[in-house]
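As numbered in our numbering, residues 152 to 243 make up the sequence shown, in order.
For each residue, glycine too, the CB sits at the ideal point set by N, CA and C.
Quick caveat, the model's predicted, so the values are computed rather than measured.
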Amino acid sequence: MNNTEETTKRIRTILLKDWDPLGVGDNPNLADEYDAYIPSVLALLGNHCTVDELERHLLGVEASWELAPDSTAAQTARKIFDTLQECQDRDA
152 MNNTEETTKR IRTILLKDWD PLGVGDNPNL ADEYDAYIPS VLALLGNHCT
202 VDELERHLLG VEASWELAPD STAAQTARKI FDTLQECQDR DA
């Protein structure tokens, strides 16, 4: 598995298990529910966004679904950043 595939897989898992504003994480039939947001997360990361910018992006997605802001967006943004760093460190 290459770095991009590994990063995508990890982000998918984080969005589903840690963020999960729609509460679908326990349903295996909905495991791809947040896949449409992975490219925008990768694009932000590729543009060297900050954790706060990534958090605002996730909060924006929640707002577009008319959900109340959730504290999991901040934790999720941090976890995505940490995971990206782990992938980069391993490949270095």
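Spell out whether any CB of chain C is found under 7 Å from the CB atom of P220.
As a matter of chain content, chain C is missing from the structure shown, which is built from one protein chain.
At a threshold of 6 Å, does L195 count as lining the ligand ZN (C-beta to nearest heavy atom)?
Looking for the ligand ZN in the displayed structure turns up nothing, as the structure carries no ligands at all.
Contact check, I162 vs I189, beta carbons under 7 Å:
By one-based count along the sequence shown, residue 162 stands at place 11. By one-based count along the sequence shown, residue 189 stands at place 38. It is a contact, given that the beta carbons lie within the stated cut-off.
Report the residue from D203, L173 and V212 whose alpha carbon sits nearest the alpha carbon of Q226.
Here residue 226 refers to the residue found at position 75 when the sequence shown is read from its first residue. When each option's Cα is compared against that of Q226, the closest is D203.
Given this structure, state the Cα-to-Cα distance separating L196 from T234, to the nearest angstrom.
Translated into the one-based positions of the sequence shown, residue 196 becomes position 45. Translated into the one-based positions of the sequence shown, residue 234 becomes position 83. L196 and T234: Cα-Cα distance of roughly 12 Å.
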